[in-house]
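So the structure is just underneath, and the comments pick up after that.
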Amino acid sequence: MASQTKNAGKSIFLTLCVMGFFAILSSTMSKSPVLKPFSLSLGTPADWTGVVAAASTIPGVLVSLPAASLSDIFGRKKFLLLAGIVFASAPFLYLLITVWWQLILVRFYHGFATAIFVPVAEASIAELFPTKRGERISLFSSATYIGRVIAPTLGGYILFATGKNFNVLYLAVGMAGVTAVIMALPFLAERRQPTGAPERSAEETIKRMFTGWGKVAKSRSVLLVSLVQASQYYAYG
2 MASQTKNAGK SIFLTLCVMG FFAILSSTMS KSPVLKPFSL SLGTPADWTG
52 VVAAASTIPG VLVSLPAASL SDIFGRKKFL LLAGIVFASA PFLYLLITVW
102 WQLILVRFYH GFATAIFVPV AEASIAELFP TKRGERISLF SSATYIGRVI
152 APTLGGYILF ATGKNFNVLY LAVGMAGVTA VIMALPFLAE RRQPTGAPER
202 SAEETIKRMF TGWGKVAKSR SVLLVSLVQA SQYYAYG
């Protein structure tokens with residue numbers, strides 16, 4: 002029984018890594034290096050180009066904080082599948098864009114995918130491997146970074162090979178997003194292990210969630226790490 006549980010945990014972890022690779026490959030390729038030339042081709046005003054680029058980060062501010070906590074209540078599977086649906090559907094919306102302001106809306110929608118997926122996936126890994134969560138989360142992050150590294154080169158090659166055909170590029174982005182969902186579907190069934198502790202109600206869990214946020218806000222070490230990461234993202238753009 003313990004062996005089956007261990008193997009199931011490894012399968013789920015491997016699936017999350019594969020899903021993370023294709024998901025981040027897809028989301029990164031949708032913006033680097035294509036976003037600027039695509040935006041300019043739509044006639045985006047110069048003073049709105051920054052908004053176009055930043056639109057996908059707004060959901061991260063709004064959703065990343067509560068996503069993992071809410072998945073404690075409603076289940077990891079639902080949130081992972083929700084993120085997968087956004088990863089798979091958003092790229093095809095780029096094909097429908099005809100004016101520049103629509104790009105802002107699509108980028109905003111696309112941003113929910115990463116904002117939900119990353120914290121919930123990491124929460125799932127921490128739950129599956131409580132004694133090795135640092136190691137496993139690092140491996141998961143490495144898988145996503147591989148996708149992030151490959152994306153600009155692959156996207157640039159597609160643009161070069163097709164003579165800057167944005168539709169072909171976003172079809173490739175969509176294929177990566179759909180692949181992430183397809184590969185994840187067979188393994189994302191929740192397997193909650195009994196902990197011996199009584200199940201908490203949704204109301205109690207929400208109260209504990211806000212209490213936890215309060216503790217995080219008062220932790221200098223957490224705030225320092227958050228500031229460093231914020232500076233990193235600010236510099237990276």
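Under our numbering, the first residue of the sequence shown carries the number 2, and numbering increases by one thereafter. Backbone N, C-alpha and C fix where the C-beta goes; we use that ideal spot for every residue, glycine too.
1. Does the distance from the CB of V121 to the CB of A84 come in under 9 Å?
2. What do you reckon, are the CB atoms on L104 and L186 nearer than 9 Å?
3. Compare the Cα-Cα distances from F23 to each of P38, G76, G213, I151 and report the closest residue.
4. Report the start-end ranges of each alpha helix (DSSP H) in the stretch 95 to 159 that is 4 residues or longer and not cut off at the edges.
5. Could you pull out every residue in the same chain whose Cβ sits closer than 8 Å to the Cβ of I98, ignoring the five residues on either side in sequence?
6. Does DSSP put P60 in a helix, in a strand, or in coil?
7. Return the residue from the list K133, I86, Y158, N166 that minimises the CA-CA distance to V179.
8. Just confirm the distance between the C-beta atoms of S1 and T50, as a whole number of angstroms; I'd bet it's less than 8 Å.
9. Mapping the DSSP letters down to three states, classify P46 as helix, strand or coil.
10. Measuring only the C-alpha atoms, how far is F14 from R137?
11. Kindly indicate the opening and closing residues of the alpha helix (DSSP H) around N168.
12. Leaving aside the five residues before and after F109 along the sequence, list all residues of the same chain whose C-beta is less than 8 Å from its C-beta, in chain order.
13. Does K32 come out as helix, strand or coil in the three-state DSSP assignment?
14. Pick helix, strand or coil for G164, following the three-state DSSP scheme.
15. If the criterion is Cβ atoms closer than 9 Å, does the pair I126 and L17 meet it?
16. So, with DSSP's three-state summary, where would you put S40?
17. From this set, V64, A114, I207, which residue's C-alpha is nearest L26's C-alpha?
18. Which residues in the same chain as G10 place their Cβ atom closer than 6 Å to its Cβ, once the five residues preceding and following it in sequence are excluded?
19. Can you name, in chain order, every residue of its own chain whose Cβ lies under 7 Å from the Cβ of M210, other than the five neighbours on each side?
20. Under 8 Å Cβ to Cβ from A124, same chain only, skipping five residues before and after it: list those, please.
21. For S220, name the three-state secondary structure that DSSP assigns.
22. Pick out whichever of A89, A54, P131, T45 has its Cα sitting closest to the Cα of M263.
23. Take K79 and list the residues in its own chain whose beta-carbon comes closer than 8 Å to its own, dropping the five residues that flank it on each side.
24. Taking buried to mean at least 16 other C-beta atoms within 10 Å of its own C-beta, is G175 buried or exposed?
According to the structure shown:
1. Cβ atoms of V121 and A84: closer than 9 Å.
2. No, the pair does not count as a contact, with Cβ atoms beyond the cut-off.
3. Out of P38, G76, G213, I151, I151 has the C-alpha closest to the C-alpha of F23.
4. With a minimum length of 4 residues, the continuous alpha helix (DSSP H) runs that stay inside the stretch 95 to 159 are 101 to 129.
5. The answer, listed in chain order, is L43, L104, V107.
6. In the structure shown, P60 sits in a helix (DSSP, three-state: H, G or I).
7. Nearest to V179 by C-alpha distance, out of K133, I86, Y158, N166, is I86.
8. Nothing about residue 1 can be read from this structure; the chain reaches only from 2 to 238.
9. In this structure, P46 counts as coil in the three-state DSSP scheme.
10. Taking the straight line joining both Cα atoms gives about 8 Å.
11. N168 -> alpha helix (DSSP H) spans 167 to 185.
12. Around F109: A56, S57, I59, P60.
13. DSSP, reduced to helix, strand and coil, places K32 outside both helices and strands of the structure shown, so it counts as coil.
14. DSSP places G164 in coil when its eight states are reduced to three.
15. I126 places its beta carbon less than 9 Å from that of L17.
16. It is helical.
17. The shortest C-alpha separation from L26 is found at A114.
18. Around G10: L129.
19. S70.
20. Within the same chain, and ignoring the five residues on either side of A124 in sequence, the residues whose Cβ sits closer than 8 Å to its Cβ are A69, S72, D73, R77.
21. In the three-state reduction of the DSSP assignment, S220 falls in the coil class.
22. Any question about residue 263 goes unanswered here, given that the chain covers just 2 to 238.
23. For K79, same chain residues with a beta-carbon under 8 Å away, outside a window of 5 residues either side, are S72 in chain order.
24. Burial state of G175 is buried, judged by a 10 Å Cβ sphere holding 16 or more other Cβ atoms.
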